[in-house]
Amino acid sequence: SLGNGGLGRLAACFLDSLATLGYAAYGCGIRYRYGMFKQQIRDGFQVEVPDHWLENGNPFELRRPEYTKEVKFGGYIRVSMDENGRSVFNHEGYQSVKAVPFDLPIVGYGNGIVNTLRIWDAEAVNCFQLDSFDKGDYQKAVEQENLARNIVEVLYPNDNHYAGKELRLKQQYFFISASVQEAVAKYMRKHNDVRKLYEKVTFQLNDTHPTVAVAELMRILMDEYGLEWDEAWDVTTKTCAYTNHTIMAEALEKWPIELFSRLLPRVYQIVEEINRRFIIEIEKRYPYETGLTQEKIKKMAIVYDGQVKMAHLAIVAGFSVNGVARLHTEILKNQELRDFYEMFPEKFNNKTNGITQRRFLLHGNPLLADWVTDHIGDEWITDLAQISKLKIYADDEKCRQEFMNIKYQNKVRLAKYILENNGVEVDPRSIFDVQVKRLHEYKRQLLNILHVMYLYNEIKEHPEMEFYPRTFIFGAKAAAGYKNAKLTIKLINAVADVVNNDDSINGKLKVVFIENYRVSNAEWIFAAADVSEQISTASKEASGTGNMKFMVNGALTLGTMDGANVEIVEEVGRENAFIFGLTSDEIIKIEEEHTYNPQKYIERNPGLAKVLNQLVDGTYDPTHQLFRELYESLVYGIEGNRADVYYVLADFDAYCEARKLSGETFQDRKGWARKAILNIACSGKFSSDRTIEDYVKDIWKVKTVKVK
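Those letters in the sequence shown? Residues -2 to 705, per the numbering used here, in order.
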């Protein structure tokens, strides 16, 4: 309940690897009362309900009130002089909350190392103001309690309105301020010179959400420890490192100056000064006579055009900036962050993501894990590179049969879950074709379901056609305020209702949407999958980690050359995956030239035109209106966007071909088993253990801890 989607789960894998490899580390976050949300499907629509995960207590957490910190919001800064003539910044008129840490043990595999996940709860500084209550001001009496409660209620409040943006910034500053205050205090309990903090501590900023840590560390060093600006900046720039996890512009956070400065007045002063000094650097690097100065300031400034740009702050202050797959890092260097790469090439590096095999194979798929251990021993559990020893078994007739039997048993387990939870009977002998991940237009669940509609039409029109039965499995949460994502969930369920209740197709197609996709049902889904759908628009997915979880469980990737898919295909060979679609270079070129016309794809494929028409002709919605926005977003474009922003129609024909090929390939059972075993055997690179070792070697330079 603490994490959402790939980023939260990636952090969990990293913590598992850090502890297992013996590196001392803290994960820091918020102790959300309700996590993200529990997803219910009602009449095919996503409904968000609270996830009461703490209702019966959490036996694994330890409340640590001795490390409580105060976090301040609002108010104003009064400047005075001390006896040495130095400016002192006094924060006054603020509201504050207490941040109380709860520590969860993160236990290394079999090595006695226990790291900490520290999640901060918010409590009122003065719980209840009796005098206000007695005067009849009931609102003021509980004001502080409400402030504290709101901060820790829900992960990522809907921020498509002002109040949501304000709460999100409060959440970020709340856990960052508390974590940075305690990290510095912990260091000072053992050492006496805060100027050497960076020798013992690195803050790895996990995307833009925690990048306010840069200014908060500066504030603490200057205002609480008396460092001068240059000293504080030297410490900060040797302590902070930034990981970029996304190419999507909306995820590179920008805050309105009005909101940021009102909520965090002292922090904003510091950000402004960092920005002022950085602009001087830009002017030195690109003197006015070059004609580049204003253009560079516009593109690179931290504070510009009424906004505070958090990714820019992280890059300017961080000593390291990394992407999370080789392709992603190259796109950052050549496209999205090109100006920064030009100015600070030495900061940029790549750390391809990974997953922990202990969760997603050993724990999630015990039948396969035992089979692997029986054949190659158990060293793979802490060194996934060892799994390459399986390669010799890919051509062993008996081993192929054993593998397919294990896959079948895992499919039976998932089929039982689907029957119990969805009331849909699926055939474990059919191809389990799976797309589970956060629902976003760039991940193209829409492409998948449009193709299912296309196949259904084909089977209806040609009942005699050869078609191997296929079960399409979806699982995804959509952000609460994301309209098109939520409509896509409704469409998937509407198609499922029609297809699953049509006896005339003899069960050749089944469509299932698994409610409330989360780690516990994901383990069963990965273990049972035959085909792994990784179909994001090339150049849009930073890495993906679902692709790795499917791979280690012996599913074949059907995907675009995007994110870590590129490296997966490199490891396993293109012949052991199904690759289709435009490349990232082709997409970037189309976007630069503004040459895209979706109409030509509709005109040349009558089957596609029919599918699009079915979005609005009553086939899946008697009102004809429900899916109109999806239809218009693909065909005409809406809200100032051009049509088909994520090239669903451009890739449709190639996707049909890749799906067809995967169906034909599956019918050669021996050949399929060989490819699946090779996928497992080639998954060694994609362990989060390898990722963490890369971070240690290039960024953190930490030593392992041994427990006697």
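Even glycine gets a Cβ: it sits at the ideal position worked out from N, Cα and C.
Please work out which residues of its chain come closer than 6 Å, Cβ to Cβ, to V433, disregarding the five sequence neighbours upstream and downstream, and give them in chain order. The residue labelled residue 433 in the question sits at position 436 within the sequence shown. Around V433: G472, Y514 and I522.
- Decide if T620 is buried, meaning its Cβ has at least 16 other Cβ atoms within 10 Å, or exposed. Locating residue 620 in the sequence shown gives position 623, counting from the first residue. Using a 10 angstroms sphere on the CB of T620, the tally of other CB atoms stays under 16, which defines it as exposed.
Margin query: Considering only the alpha carbon of each residue, which of C237, S14, E343 and E255 lies closest to A308?
Written below: Sequence index remark: in the sequence shown, residue 308 carries index 311 (1-based). Nearest neighbour of A308 by Cα position, chosen from C237, S14, E343 and E255, turns out to be C237.
Query - For S536 and D439, the rounded distance between their alpha carbons - result: The count along the sequence shown starts at 1 and reaches residue 439 at position 442. The count along the sequence shown starts at 1 and reaches residue 536 at position 539. Correcting the residue type first, residue 439 is Tyr in the shown sequence and not Asp. In a straight line, the C-alpha of Y439 is about 10 Å away from that of S536.
Through-space distance from I502 to E461, alpha-carbon basis
If you number the sequence shown from 1, residue 461 lands on position 464. If you number the sequence shown from 1, residue 502 lands on position 505. The C-alpha of E461 lies about 10 Å from the C-alpha of I502.
In or out: F57 buried (at least 16 other Cβ within 10 Å) or exposed?
-> Counting from one through the sequence shown, the residue named residue 57 turns up at place 60. Taking all protein chains shown into account, F57 has fewer than 16 neighbouring C-beta atoms within 10 Å of its C-beta and is therefore exposed.
Check your understanding: Where does H360 land, buried or exposed, given buried means 16+ other C-beta within 10 angstroms?
Key -> Within the sequence shown, numbered from 1, the residue matching residue 360 stands at position 363. Answer is exposed; the Cβ neighbour count stays below 16.
_Can you list, in chain order, the residues of its chain with a C-beta nearer than 7 Å to that of A145? Leave out the 5 residues immediately preceding and following it._
To locate residue 145, count along the sequence shown from 1; it is residue 148. Cβ-Cβ distances below 7 Å link A145 to V94, A119, E120 and A121 in the same chain, with the five nearest sequence neighbours on each side left out; the list follows chain order.
Q. Hey, how far is the Cα of R335 from the Cα of I277?
A. Counting from 1 along the sequence shown, the entry for residue 335 is found at position 338. Counting from 1 along the sequence shown, the entry for residue 277 is found at position 280. Just so you know, the alpha carbons of R335 and I277 end up roughly 19 Å apart.
Three-state secondary structure assigned by DSSP to E45:
The residue given as residue 45 occupies position 48 in the sequence shown. In the structure shown, E45 adopts extended strand secondary structure according to DSSP, grouped into three states.
- How far does the alpha helix (DSSP H) with P363 in it reach, from first residue to last? In the sequence shown, the residue the question calls residue 363 occupies position 366. Unbroken alpha helix (DSSP H) run through P363: P363 to I373.
task = Taking the CB atoms as reference points, tell me whether L218 and A210 lie closer together than 8 Å.
result = Locating residue 218 in the sequence shown gives position 221, where the first residue counts as 1. Locating residue 210 in the sequence shown gives position 213, where the first residue counts as 1. Not closer than 8 Å, so no.
ask   = Rounded to the nearest angstrom, how far is the Cβ of G351 from that of M545, given a contact under 8 Å?
value = Within the sequence shown, the letter at position 354 stands for residue 351. Within the sequence shown, the letter at position 548 stands for residue 545. Indeed they touch by this definition, with Cβ atoms about 7 Å apart.
key: At least 3 beta-carbon pairs within less than 8 Å: the region 152 to 165 vs the region 79 to 89   = A contact between stretches requires three or more CB pairs, one per stretch, nearer than 8 Å, and the region 152 to 165 fails this requirement with the region 79 to 89.
Given a threshold of 16 other Cβ atoms within 10 Å of its Cβ, counted over all protein chains shown, does T592 qualify as buried or as exposed? On the sequence shown, residue 592 is found 595 positions in, with the first residue counted as 1. Exposed, since its Cβ has fewer than 16 Cβ neighbours within 10 Å.
Where the alpha helix (DSSP H) through L310 begins and ends | Position 313 of the sequence shown holds residue 310. Per DSSP, L310 belongs to the alpha helix (DSSP H) from M307 to A314.
(Q) I need the boundaries of the alpha helix (DSSP H) containing H360, first residue and last residue. (A) Counting from one through the sequence shown, the residue named residue 360 turns up at place 363. H360 -> no alpha helix (DSSP H), and no H or E assigned at all.
**Prompt:** Since D100 is in the beta strand (DSSP E), which residue starts that stretch and which ends it?
**Reply:** In the sequence shown, residue 100 corresponds to position 103, counting from 1. Boundaries of the beta strand (DSSP E) harbouring D100: Q92 to V104, taken from the DSSP string.
For W117, the first and last residue of its enclosing beta strand (DSSP E):
In the sequence shown, counting from the first residue as 1, residue 117 sits at position 120. W117 -> beta strand (DSSP E) spans V111 to A121.
Let's see if you can read the secondary structure: which residues bound the beta strand (DSSP E) around N203?
As a working note, residue 203 is residue 206 in the sequence shown. Judged by DSSP secondary structure, N203 falls within the beta strand (DSSP E) whose first and last residues are F200 to N203.
> Skipping 5 residues on each side, what residues in its chain have a beta carbon closer than 6 Å to that of N419?
Replying inline: Your numbering for residue 419 matches position 422 in the sequence shown. Closer than 6 Å at Cβ, skipping near neighbours: V509.
Practice prompt. Helix, strand or coil for Y52, going by three-state DSSP, please let me know.
Written response: In the sequence shown, counting from the first residue as 1, residue 52 sits at position 55. Sequence check: residue 52 is Glu here, not Tyr. Residue state for E52 is assigned as coil, using DSSP reduced to three classes.
If you count every other CB in all the chains shown that lies within 10 Å of the CB of P116, and 16 or more means buried, which is it?
-> Working through the sequence shown from its first residue, we reach residue 116 at position 119. Reading the sequence as shown, one finds Ile at residue 116 and not Pro. Burial call: buried.
What's the gap between the Cα of E636 and the Cα of D650? For this step, residue 636 is matched to residue 639 along the sequence shown. For this step, residue 650 is matched to residue 653 along the sequence shown. About 27 Å.
>> According to DSSP, is I470 part of a helix, a strand, or is it coil?
In response: Taking the sequence shown and counting its residues from 1, the one referred to as residue 470 is at position 473. Three-state result, I470: strand.
Note to self: Using a Cβ-Cβ cutoff of less than 6 Å, which residues in the same chain neighbour N550 once the five nearest sequence positions on both sides are dropped?
What the structure shows: Here residue 550 corresponds to residue number 553 of the sequence shown, with the count starting at 1. Excluding positions up to five away in sequence, the list reads N362, F523 and A524.
task = Could you tell me which of G107, P102, E270 and Y301 sits nearest to T113, measuring between CA atoms?
result = Locating residue 113 in the sequence shown gives position 116, counting from the first residue. Per the Cα distances, P102.
**Asked** Per DSSP, G26 is paired with what?
**Response** Within the sequence shown, the letter at position 29 stands for residue 26. I116, per the DSSP bridge assignment.
* Excluding the 5 residues preceding and the 5 following F683 in the sequence, name in chain order all residues of the same chain whose CB lies nearer than 6 Å to its CB. => Here residue 683 refers to the residue found at position 686 when the sequence shown is read from its first residue. Sequence-distant partners of F683 (beyond 5 residues in either direction) whose C-beta falls short of 6 Å from its own C-beta, in its chain, are G351 and M545.
Enumerate in chain order the residues of its own chain whose CB-to-CB distance from G634 is below 6 Å, with the five nearest sequence positions on each side excluded. In the sequence shown, the residue the question calls residue 634 occupies position 637. Only residues of its own chain outside the window of five on either side were considered, and among them A640 have a CB closer than 6 Å to the CB of G634, listed in chain order.
Ranges of the alpha helix (DSSP H) found wholly within the region 546 to 571, counting only runs of at least 4: Within the region 546 to 571, the alpha helix (DSSP H) runs of at least 4 residues that lie entirely inside it are, in chain order, 562 to 569.
Q. Three-state secondary structure (DSSP) at N676?
A. Working through the sequence shown from its first residue, we reach residue 676 at position 679. The answer is helix: DSSP assigns N676 an H, G or I state.
Q. Does the separation of the CB atoms of V702 and V693 fall below 8 Å?
A. For the purposes of this step, residue 702 is taken as residue 705 along the sequence shown, with counting starting at 1. For the purposes of this step, residue 693 is taken as residue 696 along the sequence shown, with counting starting at 1. No, the pair does not count as a contact, with Cβ atoms beyond the cut-off.
* Neighbourhood of P425 by C-beta distance below 7 Å, restricted to the same chain and skipping five residues each side -> Numbered from its first residue, the sequence shown carries residue 425 at position 428. The answer, listed in chain order, is Y405, K408, V409 and A412.
**Message:** So the candidates are A539, R571, I576 and V97; which of them puts its Cα closest to the Cα of L329?
**Reply:** The residue given as residue 329 occupies position 332 in the sequence shown. The residue among A539, R571, I576 and V97 with its C-alpha nearest the C-alpha of L329 is A539.
- [ ] Would you kindly work out how many angstroms separate the C-alpha atoms of V44 and I446, rounded to a whole number?
- [x] If you number the sequence shown from 1, residue 44 lands on position 47. If you number the sequence shown from 1, residue 446 lands on position 449. Here the alpha carbons of I446 and V44 stand approximately 20 Å from one another.
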